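Residue 1 is where the sequence shown starts when you use my numbering, and the numbers rise one by one after that. Where is the CB? At the ideal position from N, CA and C, for every residue including glycine. Model, not experiment: these values are computed from the prediction. What follows is a set of notes on a single structure, which appears directly below.
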Amino acid sequence: MITGIQIKNQVENVVSAKVTVWQRELAGAVRDPLLLMQALNLVGEGVSVEVVRQFRLLVPHSYMARMKPGDWNDPLLRQVLPLDDELQVVEGFNHDPVGDQPSLVADGVLHKYHGRVLLVTTGACAVHCRYCFRRHFPYSESNPVKGEWEGALAYIRANPDVREVILSGGDPLTLSDERLALFLGQLAAMPHITRVRFHTRLPVVLPSRIDAGFLQLLAGIRQQVVMVIHANHAQELAADDVQQALAALHSAGVTLLNQAVLLRGVNDSVQAQVDLSEGLFAQRVLPYYLHVLDRVAGAAHFEVPESEALPLLEGVRQRLPGFLVPKLVREVAGEKAKTPVV
Ligand SMILES: *Cc1c(COP(=O)(O)O)cnc(C)c1O
Ligand code: SF4
Numbered sequence: 001m002i003t004g005i006q007i008k009n010q011v012e013n014v015v016s017a018k019v020t021v022w023q024r025e026l027a028g029a030v031r032d033p034l035l036l037m038q039a040l041n042l043v044g045e046g047v048s049v050e051v052v053r054q055f056r057l058l059v060p061h062s063y064m065a066r067m068k069p070g071d072w073n074d075p076l077l078r079q080v081l082p083l084d085d086e087l088q089v090v091e092g093f094n095h096d097p098v099g100d101q102p103s104l105v106a107d108g109v110l111h112k113y114h115g116r117v118l119l120v121t122t123g124a125c126a127v128h129c130r131y132c133f134r135r136h137f138p139y140s141e142s143n144p145v146k147g148e149w150e151g152a153l154a155y156i157r158a159n160p161d162v163r164e165v166i167l168s169g170g171d172p173l174t175l176s177d178e179r180l181a182l183f184l185g186q187l188a189a190m191p192h193i194t195r196v197r198f199h200t201r202l203p204v205v206l207p208s209r210i211d212a213g214f215l216q217l218l219a220g221i222r223q224q225v226v227m228v229i230h231a232n233h234a235q236e237l238a239a240d241d242v243q244q245a246l247a248a249l250h251s252a253g254v255t256l257l258n259q260a261v262l263l264r265g266v267n268d269s270v271q272a273q274v275d276l277s278e279g280l281f282a283q284r285v286l287p288y289y290l291h292v293l294d295r296v297a298g299a300a301h302f303e304v305p306e307s308e309a310l311p312l313l314e315g316v317r318q319r320l321p322g323f324l325v326p327k328l329v330r331e332v333a334g335e336k337a338k339t340p341v342v
């Protein structure tokens, strides 16, 4: 008979050879709503079981450690907490709000905008954000990693007017260094590609991902590297491990930008936005976009209407230098760029 302890030892023996610290932390992330509630001393009936079945809970310990115990309204908790509100059917909120599907040109490759292609590299993330516009994306049907990136690489190679390759997801940094190296190595041989951009939340939610191996990988990239971290609240940045990760990226010559989503109950005040911009710049990250919510089914309760978003941003503009004011944009299906909200 195999006991639980033996199984655990066997698993650890198998993994200890290659698994990195961040992979282990990701494997140990909180998936059980009851554990989350216990760890944060939350009492009451806030979590919806039906909702978790549709879109799992996932929170790394490092991220959870920045939440305030006992506070249902904590801005980090709100981003990951499965609520019954997600079951509401609201007109105008659907499954492909940004019109991704018609822009698929190869396995997981989206070519919507001039000079840039976006790769949906994986469906995996290190955190599940309840407002996510890709929560219904058919990842398993469309995945460029399949077949060692051949389809994506062939498309990029055949399109010399593409200058920038954007790795998105899911979260591209959930892929191993080996997988990323396979792709980036091939990209290095394409002279028309001048920039590589990562859109990732891992420096914020799983900062151990920015380890020596990843920094070494970055050092080998011939192109300029841009990393857009997706922080929504200053409290997400107020941790030593996050600050060390961002400092390491900065030292590695990575241009750091931030893209946030304006979220009801998370960052929908002038003060929260000012604090976010200040907190970002203190870590050498420039605010880039502030998105109004993509109207994805299940996220209606996060929406801040444009009529409220505009005066909010005006308030931010009156408080900060221009370079710390993000561009307020909306994603409109079929448009050739993000659409400014004015
Ligand atoms: C958002 C997005 C981009 C990048 O747009 P930028 O304005 O360059 O940040 C590129 N491709 C797709 C499909 C996008 O959705
Ligand atoms: S794709 Fe981004 S926003 Fe969506 S769940 Fe993953 S990390 Fe969160």
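Quick check: what's the CA-CA separation for residue i versus residue j?
i      : j      : result
ALA272 : ALA234 : 7 Å
ALA333 : GLY99  : 5 Å
ASN343 : HIS291 : A query on residue 343 cannot be resolved here, the shown segment of the chain reaching from 1 to 342 and no further.
VAL43  : TRP72  : 9 Å
ASP171 : LEU119 : 10 Å
ASP241 : ALA252 : 17 Å
VAL162 : LYS68  : 44 Å
TYR63  : VAL89  : 30 Å
GLY315 : TYR289 : 16 Å
VAL47  : ASP294 : 23 Å
LEU26  : ASN94  : 30 Å
PRO326 : PRO340 : 11 Å
Is residue i helix, strand or coil when you go by DSSP?
i      : result
GLU331 : coil
HIS111 : strand
HIS345 : The question about residue 345 has no answer, for the chain in this structure spans 1 to 342.
PRO287 : strand
VAL15  : The pLDDT assigned to VAL15 is 46, lower than 50, so where the model puts this residue is not dependable; a value taken from the coordinates is nonetheless given after this. Three-state DSSP puts VAL15 in a helix.
LYS338 : coil
ALA29  : coil
ALA106 : strand
Just to check my reading of the structure: residue i and residue j have Cβ atoms closer than 8 Å, yes? What is that Cβ distance to the nearest angstrom?
i      : j      : result
HIS192 : PRO160 : 5 Å
GLY185 : THR122 : About 18 Å separates the two Cβ atoms, so there is no contact after all.
Just tell me which of the options has its CA closest to the CA of residue i.
i      : options                           : result
ALA245 : LEU206, VAL225 and ASP268         : LEU206
LEU256 : ASP268, ILE166 and VAL285         : VAL285
PRO60  : ALA212, ALA29 and GLN54           : ALA29
LEU313 : ARG179, GLN243, ALA212 and SER269 : SER269
ARG317 : ALA158, PHE93, ASP275 and MET64   : ASP275
THR355 : ALA152, LEU34, CYS125 and VAL19   : Residue 355 lies beyond the range of the chain shown here (1 to 342); nothing can be said about it.
VAL331 : LEU280, GLU86 and VAL261          : Residue identity differs from the one stated: residue 331 is Glu in this sequence, not Val. Of the listed residues, the one whose Cα sits closest to GLU331 is VAL261.
ILE221 : PRO287, THR194 and ALA299         : THR194
Checking contacts by CB at 8 Å: is residue i closer than that to chain D?
i     : result
PRO97 : Given the protein chain composition of this structure (a single chain), no chain D is represented.
Report task. Give, in chain order, every unbroken run of the alpha helix (DSSP H) that is at least 4 residues long and sits entirely within the region 130 to 200. Result -> 150 to 158 and 177 to 188
**Report entry** Uninterrupted alpha helix (DSSP H) stretches inside the region 208 to 259 (no shorter than 4 residues)
**Finding:** 212 to 219 and 240 to 251
Query raised in the report: Fully enclosed by the region 22 to 104, which alpha helix (DSSP H) runs are 4 residues long or longer?
Result: 33 to 39, 49 to 54, 61 to 64 and 75 to 80
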